[in-house]
Structures are given as C-alpha cells and as structure tokens.
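Its first residue numbered 1, the sequence shown is counted upward by one per residue in this note's numbering. Encoded as structure tokens, the structure appears first; notes follow it.
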Amino acid sequence: MTGQDESSGSHSVSGAPIDFDRLGVIRDRFASDERFTQIVDQPEFAPDRLVCVYDTQFYPSSVHSAWVEIVWFENGDFSLHYHEDHEQGTFDHRWDRHPSD
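Here it is, written out as structure tokens:
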C-alpha cells in the first residue's frame, strides 16, 4: 500500500483530529461487503487510515491488486485514495474534502 509515514493525530491538509469512530463505522460496513477480502484498521504504515483491499475476482486478470485508503476527520473533511496495481503500471484516484486556500 502506500508505505508513507504520516502522523496519526491530525492531517496536515485538514488540521483536524482523525475521526476514529467514523472510520469504525465504515470498517464495520465494508467488512460485510463481499467486494473486500481484507479490512486493515490503522495499519502500521498509516495509523490514521482504514485500508480496504478489493477481491481481485471482480477485476480483469491484468489487475493484480486494488484497494481504497480512507481518512476521515472530526470536522467532516475526508480523503479517499483508490489504487490499482496492473501488469503495466498503476492507477490512482483521489477524492478529498478539505479547506481550500
């Protein structure tokens, strides 16, 4: 997954604390969804995130792995990062809600 070392207290973009209760609700909902083979709550490489690994049976054979990383903040800001590993590279997409300067 990302392998990035980020703070678990607050996110530099949002400035708000992580909403671990909200991440728990998302985790519980995704845990009952057959699209995911693994749900990792606060992984060592990103203790502020929920990482949900998709079952590759829903993808073409050229996709080796896919996951979404979720960060949610107490002020309602969030960051979703979708990632796929392909035979010929990767695909990434992000959705964010945070203050804009």
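Even glycine gets a Cβ: it sits at the ideal position worked out from N, Cα and C.
Would you tell me roughly how many angstroms separate the C-alpha atoms of residue i and residue j, rounded to the nearest one?
| i | j | result |
| --- | --- | --- |
| Glu6 | Ala46 | Because the pLDDT of Glu6 is 41, which lies under 50, any placement of that residue in the model is unreliable, and the number read from its coordinates should be weighed accordingly. Going from the Cα of Glu6 to the Cα of Ala46 covers about 6 Å. |
| Gln38 | Pro99 | 31 Å |
| Asn75 | Arg49 | 16 Å |
| Asp41 | Tyr82 | 16 Å |
| Ala122 | Phe36 | This structure cannot speak to residue 122, because the chain is shown only from 1 to 101. |
| Ile18 | Val53 | 21 Å |
For residue i, write down the residues that DSSP places opposite it in a beta bridge.
| i | result |
| --- | --- |
| Val25 | According to DSSP, which records beta bridges pairwise, Val25 is partnered with nothing at all. |
| Gln38 | Val53 |
| Phe78 | Trp72 and Arg97 |
| Asp92 | His83 |
So, at 7 Å on beta carbons, what are the nonlocal neighbours of residue i in its own chain, with the 5 sequence-adjacent residues on each side left out?
| i | result |
| --- | --- |
| Ser62 | His86 and Glu87 |
| Leu80 | Val68, Ile70, Arg94 and Trp95 |
Sorted by chain position, which residues of the same chain lie with C-beta nearer than 6 Å to residue i's C-beta, five sequence neighbours on each side aside?
| i | result |
| --- | --- |
| Ser65 | Asp85 |
Are residue i and residue j close, meaning C-beta to C-beta below 8 Å?
| i | j | result |
| --- | --- | --- |
| Asp92 | Ser14 | no |
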